[in-house]
Structures are given as C-alpha cells and as structure tokens.
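Protein chains in written order, with this note's numbering: chain A, 2 to 382; chain B, 2 to 293.
Glycine included, each C-beta is placed from N, C-alpha and C at the ideal position.
Spelled out as structure tokens, the structure:
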C-alpha cells in the first residue's frame, strides 16, 4: 500500500507538455478496498490509464461493480487511489480532499440538502468560497435560468419532482464553474420519457457551458447518444476507449461487443491474413493478424445482416451463409429472424427493417444470411 | 350481516362503506381497555395533585383547599437547595453529555477505526445495566480515584455536586448517542460528500449540513438526558455527599421521616417539570415531521 505516488509532491515543477488540452489524466490508478474479516482485498479499479480532453463529454460505461463509480469518486476526492496519479488540468490532486479540487459532482441520489431552499442549495458552493453576496445572487440567478427552474427558488427539494430535483442538482454543481463536472448515473432514478428528455437537456447544457463532463452510466444507449467518447470498463479494468461509433462498430473484445448493443458472435478459424472459416465451412473475408488455424471470434451486428432466398443471385461483394429460419419476431418497425446454420452450430440474429418491398420469411424457410465484409469484426478474445 | 344491520334506511350503502369498519364488540372492548389503562396510570397522579392542595398535616385526611404546602415548599430552604442542585446537575450533565454523546454517535456512524466494534458494544452498557450496579460502581470508582489523587497530589476531594454531575454525564452519554445515532443512520451520507464537493471544510459541512439535519435527534437526546438526570434517585443517592442533595434524593429521604403533604407539593412541582419537557419534545418531533 506504500506505492501511493504523489508526483506533484515529488517534483512540483513538473509541467508535462502532453497536458495541454487534457482535463483529467489518470495514470496507473488502482483502488483496493480492504477485504471483510481477513478476506483478500477487493480490487475495484486496476491500473487505469485515462486521458479526458478539455470540453469533452466522456462516459464511463460498464455493468454495476465494474469500478466506474469508484473511478469517478477518486476524481471527485471521495476515495483516494491505492496507487497511481490523478491530474486535473496538469495539477496532481490524487490525495487532495474534495473541497480542494476544481470539480463538482451531480450525485445519483441528487443529495440536495433537504433543510435548504432551492436557492440556498444552489448558492451553497459559492458561499463556501466566500464570494461577495451580489455575485452569489447573480450567478445563482443565471444557473436557475439555465436549468429552467425560475419561480421555484424558495421551494424545498421535497416539493419538487424527480426531474426538477435533477435540474437543481445540476445547477448546484454548475454554478461553481467547475473545470470538470462529474455525473454519477444522474438519470438512473427517472422514468424512461423523462430520461430521454433529460439526455437532450444535458447535452444542450454541456454544449452551452463547454465544461468537460465525466459521466458514469450502465446504460449503453445513454452513453452512445450523449458521449463524445466512451470508456468501457469491466471488473475494474478498462477494456476500450473510443467514440460511440468506434465502440459500436469495432468492439475489441467479446465483452464490449456483447455489452454495447446486440451482436452475433461466431467462432471461426483463421485461414490466411484475409480469410477465416466459419463452423459450417464457409470462408469469409475478414482480416486478422493471427496464425493460420488459430481459433478466433467474429462479431456481426444484427442490422448489418441481410436475408435473401437461398436461390437468390450470388453477390461477389458480399459474404453469405446458408441457413434455415428458426424463429421470427415482429418488432413493429422491423422483423427479427433467428437463422440456424450448420445444424445449429451457427445461429444468426438478423434484424431486417419493414420497408416496403422487403421480403418476409417464415419459420423453416431456406435463406442466405449476407453481409458486407467490412461489417465483420475480429475480436481479441 | 347482523353486525352490519343498523336498521338505518339505505342498508346497501351502509354495507358498502362498512368494509373498513371494525366490528363493534371488539371496538368497545378495545376502547374500554384504553380507559382502564388510562385510569390506572392517571388516577394516582390525580390523587397526588388534589391532595397537594389539602390544608391538613396528614396526607390522607381532606379538610379544605389551600396553597399552604406550596407556600411551605417555597419557604423551605432545604427543598429549594435540593431543587437548585437538581437543576444545576441536570443542565450541566445534559450540556456535556449532549456534546460527547453526539460526537460518539458521529464517530460510530461516519468513521472506521480500530476498536470501533468494542466501543460500539460498551457504549450501550449504561443503558442496560441496573441503576444500582451503576451506582455502586461509580461510588467505588470515586472513592478509589479520590484516594489516588490524595496520595499523588495531596488534594483532598469529596463527593458532592461534582460527582453527581460526572455520574449523570457517564450514563447520559449513552442515551444521547443512542438517539442521535438513530437519526444519523437515516441520513444519506452523500449529503456530507456533496457539502465537501461544494468546497465546505469538514467543520462547515458539519455545521451547515449534518448538524441541522440531526438537530431533532440531538434535541431529543438532550431532553432525554435532562429528564433522566432530574429523575435519578439511586445513583445520586450513592455518589452525593453531605450538603449536596438533589430533589428526588430529598423526597426519598423525607419519605423515610414520614409522609407530609409537602411531599405532594414537591412531587407536583416535579410532575409539572416533566410535563413541560414532554411537551417540548413533542413540539420538536412535530416540527421535524412537518419539515420532512
């Protein structure tokens, strides 16, 4: 436990040139919690490296217990890292208490002070910084307008709906002009409709104020729609960082492919640098750097697959597998087909839109599942 | 059907809204029981109060109404001394035990440290051990401690107001901690994190967020401590010295010399004080529920 690094304390004059433009930098950050009654320590976050750019909407995405909230709490200062360095705009803050860090947090439970009015709640941070009364009044008024809560300043938090409390929590953090805003599943307690409205609202506010947002969520759809970049975490380990498109279109691991959206995972063996062979013997075009005959997994998104009758014309630009429709589910705007190939060793989940002129299939139909080689992705594990 | 049949017109309407109506026999029995319990509790108090206004040297014989014994009570230097001692001990021990008890509750709920579990268990000991055990224990402790102090420093201390106050602090800390802790455990700890996140120092977070939110618990604990201190006979009897007598100890002693209506008047005074405290605590808890 003695490996806590305090780079700032060791060499205060360090100004890394790479820091220009990065809001939050995590280097080798780990967090271990002591085990209960002599059990092994629990590793919540394991050697995490992250670089979050200034002005970015950055999401930490993963299932519960993946370490995303612990990571956020370490940036906020509610937990101290067991090892590694946390920098905010180049300043080492890893061991600073929360009140000394230029960040503010929107809590999952909102954590509004129940004994204070909305106005007092929002003004709290400014009062703690001993700002002049006139400035507090002015800035409080500005954010109340920003989150559209005018006329409710004198109410108590309990008198507001969940969505309104959410806005107040956001205003209370934003009023301090933090360098980085940390959001811990802020929409988790809202119902679906309100959630979607708040997603748009959050994005609008983030673009308006231009502050770096670090957003923790387990909802992949939320992360995909709002973020500039997403970091996917699992079991305390960072699996992949990238834009929503990169994460969705080119997942690097089985977990990422499976966690973000729906996906087909097909086991295959490498033929050469540009081809692999599926379980039914079909060779398909996808490049991999593995040695011939090594087993790999290919990921295919259901909406990139198309269905044709088995005797339909062959298109040399597409890869295809022969199969039988095993199940059909009507989704309204689309049909979902489960197609079994190679006696069930390969099962494809195909989503085909219900546009006019699109062929429909029934259970038992012989079909060809087709896709463009560019939509197939080889996974690392 | 028979219990629903009230003979009133529109029997169907009655039957419909009678779903939530309790059965009458049970209803009457419960109400009767409530009255019996009520009478059992309050008739003796009524007798006590009525006879405190009796103008007779004997307690049990009614002559005529007068304020004679109240006059004697306020004129009696020993009663007034005991009353002053009681109030002084109660106020001092409540003030100190409220601060220490709240701090103990905070340390148990909000921090993790070595020996915490042991402290947790030991803190509640004064709540469960009998008063008489506590009294003997404290007496022995004071005797021993004063001997050691005499040997080491040559200062001779004796039991009195100070020892009673210390003894009351000792058991009141536990009660205050118990009440404050109940309030604190219901408090979302992210509120304190939010305060820290909004640039509050530890003290500011406590002062502006934690304390106002646990205030009803702290006030409730303080009232409990005040009541327990004013009420205590056994411990005060053991650890008091010559010249320092609390009111309950005085009453207890006076009873052994024979009951006079003066005791009634003193008891009514104590009763009035207790009722005021109960009303105060009700007012506080009502304000709390109004807030939440």
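Residue 328 of chain A carries a strand assignment under DSSP once its states are collapsed to helix, strand and coil.
Contact between the segment 215-224 of chain A and the segment 54-71 of chain A is present: three or more C-beta pairs spanning the two stretches fall below 8 Å. With a cut-off of 8 Å on Cβ pairs, the segment 152-172 of chain B is in contact with the segment 236-251 of chain B, counting three or more such pairs. Rounded to the nearest whole angstrom, the CA to CA distance from residue 198 of chain A to residue 367 of chain A is 44 Å.
With respect to chain A, the C-beta atom of residue 240 of chain B has no partner C-beta closer than 8 Å. For residue 137 of chain A, the enclosing alpha helix (DSSP H) begins and ends at 134-147. For residue 32 of chain A, the three-state secondary structure derived from DSSP is strand. At the C-beta level, residue 190 of chain A and residue 113 of chain A stay beyond 8 Å of one another. A:365 is the residue among A:132, A:358, A:365, A:360 whose C-alpha sits nearest the C-alpha of residue 339 of chain A. Residues of the segment 190-218 of chain B that bring their beta carbon within less than 7 Å of a beta carbon in chain A comprise 191, 192, 194, 195, 197, 198, 199, 200, 201, 202, 205, 210, 213, 214, in sequence order. Of the other Cβ atoms in all chains shown, 16 or more fall within 10 Å of the Cβ of residue 249 of chain B; this residue is therefore buried. Judged by DSSP in its simplified three-state form, residue 230 of chain A adopts strand. Among the CB atoms of chain B, one or more fall inside 8 Å of the CB of residue 130 of chain A. At a cut-off of 8 Å, the C-beta of residue 110 of chain A has a neighbouring C-beta in chain B. Around the Cβ of residue 26 of chain B, a 10 Å sphere holds fewer than 16 other Cβ atoms; the residue is exposed.
Counting every other CB atom within 10 Å of its CB across the protein chains shown gives residue 193 of chain B a total of 16 or more, marking it as buried. Within the segment 162-221 of chain A, complete alpha helix (DSSP H) segments of at least 4 residues are found at 163-175, 193-210, given in chain order. When only Cα atoms are considered, residue 347 of chain A and residue 241 of chain A end up about 27 Å apart. In this structure, DSSP gives residue 276 of chain A an extended state, which the three-state scheme calls strand.
Taking all protein chains shown into account, residue 34 of chain B has fewer than 16 neighbouring C-beta atoms within 10 Å of its C-beta and is therefore exposed.
Listed along the chain, the chain B residues whose CB falls inside 8 Å of the CB of residue 99 of chain A are 194, 197, 198. In the displayed model, residue 192 of chain B falls within a helix according to three-state DSSP. Across the set A:105, A:253, A:201, the C-alpha of A:253 shows the shortest separation from the C-alpha of residue 380 of chain A. As computed with DSSP, residue 93 of chain A is found in a beta bridge with A:88.
For residue 186 of chain B, same chain residues with a beta-carbon under 8 Å away, outside a window of 5 residues either side, are 110 in chain order. Under the DSSP assignment, residue 296 of chain A falls in the beta strand (DSSP E) whose first and last residues are 296-301.
Interface criterion not met: the Cβ of residue 42 of chain A is under 8 Å from no Cβ in chain B. Contact between the segment 192-210 of chain B and the segment 90-105 of chain B is absent, with fewer than three C-beta pairs closer than 8 Å.
For residue 372 of chain A, the number of other beta carbons within 10 angstroms of its own is at least 16, and it is reported as buried. Inter-residue distance for residue 257 of chain B and residue 264 of chain B is about 11 Å (C-alpha atoms, whole angstroms).
Considering only beta carbons, no part of the segment 178-200 of chain A lies closer than 8 Å to chain B. Taking 8 Å as the CB threshold, residue 77 of chain A lines the interface with chain B. As a beta-bridge residue in DSSP terms, residue 339 of chain A pairs with A:328, A:350. About 7 Å separates the beta carbons of residue 82 of chain A and residue 31 of chain A, which is inside the 8 Å limit, making them a contact pair.
Between the alpha carbons of residue 299 of chain A and residue 57 of chain A lies a gap of roughly 31 Å. Residue 236 of chain A and residue 44 of chain A have their C-alpha atoms roughly 8 Å apart.
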